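So the structure is just underneath, and the comments pick up after that.
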Amino acid sequence: MKIFDIIKMAFKNLWRRKGRTLLTVIGVVIGSCAVIVMISLGLGMNLAMDNMLASWGDLTAITIYNYSYGVSDESVALDDDAVESIKAIENVSYVIPRLRVESNMVTIAAGRSDRYRMDWAEIYGVDFSLLDKMGYTPETGEFPSEDEYSSTIIFGNETAYNFRDTRKRGDKQYTWKQYLSDGTYTLPFIDPQDEKILVAINNTKQQNDDGTYQYGGRGYEYELNCSAVLMQDPNWETVYSVLIDINVAKDIIDDYNRRNGVKDANDPQYTYVKVVCDDINDVEEVETQIEAMGFNCSSMADMRGEMKKTLGIIQLVLGCLAAISLFVAALSITNTMIMSIYERTKEIGIMKVLGCYVGNIRSAFLFEAGLIGLLGGIIGTVLSYAISIGMNYFGAGVMASLLGTSGDTPVSIIPLWLVLLALGFSTLIGLISGFVPANRAVKISALEAIKSE
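Under my numbering, the first residue of the sequence shown carries the number 167, and numbering increases by one thereafter.
What follows is the structure in structure tokens.
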């Protein structure tokens with residue numbers, strides 16, 4: 167018996183009992199549709215989770231903090247040598263060290279005769295060549311060019327409000343950002359981009375009664391131009407910060423130590439270091455190597471891993487529920503094929519008398535069972551796409567409001583591999599369900615089959 171004959175006979179027999187075939191196919195449709203929809207929901211939840219975490223921070227980034235834990239009894243310094251070692255780790259794209267300059271080390275002033283003084287600010291030295299990779303966006307101005315690094319300062323969105331007017335007293339010497347009824351807001355005393363920003367090294371022996379520091383009468387050692395004011399950071403990381411080039415920050419710390427007689431000062435250590443990997447899948451391995459160096463670090467991948475475990479459990483439960491539907495469909499296919507054997511006993515006997523191989527008879531019944539599974543899988547896939555489109559249309563807004571993601575994050579995702587998996591699995595279920603009836607068919611005695619009515 168040729169393969170074409172087997173295919174032709176399978177379609178003919180299924181069509182002859184089209185009512186029963188339709189009911190059996192519907193069972194497979196429900197099962198395969200349930201599997202596809204449940205898995206697609208899991209994929210949508212994974213994507214929504216990644217988008218939510220990405221809105222909190224870079225998923226490929228690792229943050230190293232300036233404290234260590236015991237690979238040895240000695241403290242591990244987060245300094246230039248450590249940064250170079252981290253850069254050498256495979257799959258590390260770039261490293262961004264941040265050096266904090268304590269606010270008591272300097273006096274920052276602006277305006278004629280240094281009228282405006284900044285009492286406090288988060289002062290950080292960063293590598294200005296990596297500003298475009300830090301996720302910062304200038305609200306006004308632009309990032310400096312390479313030849314401007316040493317003479318440039320960058321302000322956070324609301325840092326200018328930290329300046330006070332030294333010619334006023336009481337609350338009048340301060341200004342705060344307050345929104346007005348017309349939609350505008352109060353402005354700080356100065357626009358930092360219109361003023362020369364002056365930086366003086368403090369002398370700790372000349373601390374004023376109000377807690378501020380004098381610069382010791384030597385004048386302002388650094389005159390910097392504010393090239394940009396940053397757009398407000400959603401994580402409030404730089405809102406009240408001042409950024410200077412990392413080499414300028416090192417010079418300030420050295421000047422402060424020299425001015426105040428700090429002897430045997432160690433090289434400055436970074437407040438923290440941000441490590442960016444080539445891919446999110448590299449984060450775990452890079453983080454492990456950094457921890458082996460003695461540093462304590464964290465990343466969004468840690469939280470992502472825990473959340474994926476939870477989602478994995480949810481997906482497993484959803485998959486089990488869908489598998490129950492396919493199990494019921496498998497029983498239905500088995501029942502259909504057994505009934506078909508009883509009805510076609512004489513036909514089977516004739517096929518044996520005519521010399522058909524046992525393998526051909528088995529193949530004929532297996533093909534019918536597999537065809538039922540394939541047809542159910544195809545129809546179930548089409549139905550799954552329709553359900554997925556509906557869920558994405560009506561449920562995307564709900565998902566966005568719950569997780570704080572964009573409204574275009576799909577609830578259900580059906581990739582090509584899932585379609586192929588569903589079709590293959592439904593066909594396999596059909597073949598497995600038809601295996602026992604097919605074996606039963608080949609064991610029927612030819613003479614007994616011909617005698618049957």
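We put the CB at the ideal spot given by N, CA and C, even for glycine. Just so it is clear, the structure is predicted and the values come from calculations on it, not from any experiment.
Starting from the C-beta of residue i, find all residues in its chain whose C-beta is less than 7 Å away, skip the five residues before and the five after it, and write them out in chain order.
{"i": "E361", "result": "A276, G277"}
{"i": "G185", "result": "none"}
{"i": "P354", "result": "A326, Y327, F329, T341"}
{"i": "I202", "result": "G546, T547, S550, I580, L584, A588"}
{"i": "S269", "result": "W286, A287, I289"}
{"i": "R281", "result": "D331, T332, R333"}
{"i": "E110", "result": "Residue numbering for the chain in the displayed model covers 167 to 619; residue 110 lies beyond these limits and cannot be assessed."}
{"i": "K253", "result": "V261"}
{"i": "S234", "result": "Residue placement at S234 is poorly supported in this model, since its pLDDT is 45, which falls under 50; the coordinates are not used for a value here."}
{"i": "Y128", "result": "Since the displayed the chain opens at 167 and closes at 619, residue 128 lies outside it and no answer follows."}
Kindly identify the DSSP beta-bridge partner or partners of residue i.
{"i": "N391", "result": "T318, K362"}
{"i": "R283", "result": "A275, R330"}
{"i": "C443", "result": "V258"}
{"i": "V408", "result": "I289, F321"}
{"i": "I228", "result": "V441, S465"}
{"i": "P304", "result": "L396"}
{"i": "I367", "result": "V272"}
{"i": "Y345", "result": "Y351"}
The beta strand (DSSP E) that contains residue i, what's its start and end?
{"i": "I289", "result": "288-292"}
{"i": "S578", "result": "No beta strand (DSSP E) holds S578; DSSP gives it neither H nor E."}
{"i": "R633", "result": "Because the chain here runs from 167 to 619, residue 633 falls outside it and cannot be looked at."}
For residue i, collect the residues of the same chain with a Cβ closer than 8 Å to its Cβ; drop the 5 residues on either side in sequence, then sort them by chain order.
{"i": "C463", "result": "I228, T229, I230, Y231, V441, E453, I456, E457"}
{"i": "K299", "result": "Y260, I262, V442"}
{"i": "E308", "result": "S393, A394"}
{"i": "Y351", "result": "K343, Q344, Y345"}
{"i": "V249", "result": "V261, P263, Y436, V439"}
{"i": "N164", "result": "Past the boundaries of the shown model lies residue 164; the chain is included only from 167 to 619, so the question cannot be answered."}
{"i": "N212", "result": "K474, L477"}
{"i": "I499", "result": "T190, G193, V194, A535, I538, G539, I595, G596, S599, G600"}
{"i": "D357", "result": "A326"}
{"i": "K416", "result": "L265, G291, P434"}
{"i": "M215", "result": "R470, M473, K474, L477, L569"}
{"i": "S295", "result": "E312, Y315"}
Within the same chain, show all residues whose beta-carbon is closer than 6 Å to that of residue i, passing over the 5 residues directly before and after it, in chain order.
{"i": "V602", "result": "none"}
{"i": "G210", "result": "P576, V577, S578, I579"}
{"i": "L189", "result": "none"}
{"i": "A553", "result": "A small correction: the amino acid at residue 553 is Ile; Ala does not occupy that position in the sequence shown. Around I553: V203."}
{"i": "M284", "result": "I274, N328, F329"}
{"i": "D245", "result": "D433, Q435"}
{"i": "E403", "result": "none"}
{"i": "D293", "result": "I412"}
At what residues does the alpha helix (DSSP H) containing residue i begin and finish?
{"i": "E450", "result": "449-458"}
{"i": "S295", "result": "Careful: S295 lies outside any alpha helix (DSSP H) and carries neither H nor E."}
{"i": "S251", "result": "246-253"}
Do residue j and residue i count as a contact pair if the criterion is CB distance below 8 Å?
{"i": "I320", "j": "L409", "result": "yes"}
{"i": "G627", "j": "A535", "result": "Any property of residue 627 remains undetermined from this structure, which presents the chain solely from 167 to 619."}
{"i": "N368", "j": "M271", "result": "yes"}
{"i": "T187", "j": "I538", "result": "yes"}
{"i": "D411", "j": "T303", "result": "no"}
{"i": "E389", "j": "A366", "result": "no"}
{"i": "F531", "j": "M503", "result": "yes"}
{"i": "I363", "j": "V267", "result": "no"}
{"i": "D444", "j": "N257", "result": "yes"}
{"i": "S592", "j": "G542", "result": "yes"}
{"i": "P434", "j": "L207", "result": "no"}
{"i": "A496", "j": "A200", "result": "no"}
Taking one C-beta from the segment 334-345 and one from the segment 302-320 each time, how about it: are there three or more such pairs within less than 8 Å? With the cut-off at 8 Å, the segment 334-345 and the segment 302-320 do not touch.
So, does the segment 445-453 touch the segment 410-426, judging by three or more C-beta pairs under 8 Å? By the Cβ criterion, the segment 445-453 is not in contact with the segment 410-426, since fewer than three pairs of Cβ atoms, one from each stretch, lie closer than 8 Å.
If we count Cβ pairs, one from each stretch, closer than 8 Å, do we get three or more for the segment 471-491 versus the segment 577-587? With a cut-off of 8 Å on Cβ pairs, the segment 471-491 is not in contact with the segment 577-587, counting fewer than three such pairs.
Does the structure place the segment 470-479 close enough to the segment 192-201 that three or more beta carbon pairs sit under 8 Å? With contact defined as three or more Cβ pairs closer than 8 Å, the segment 192-201 and the segment 470-479 are not in contact.
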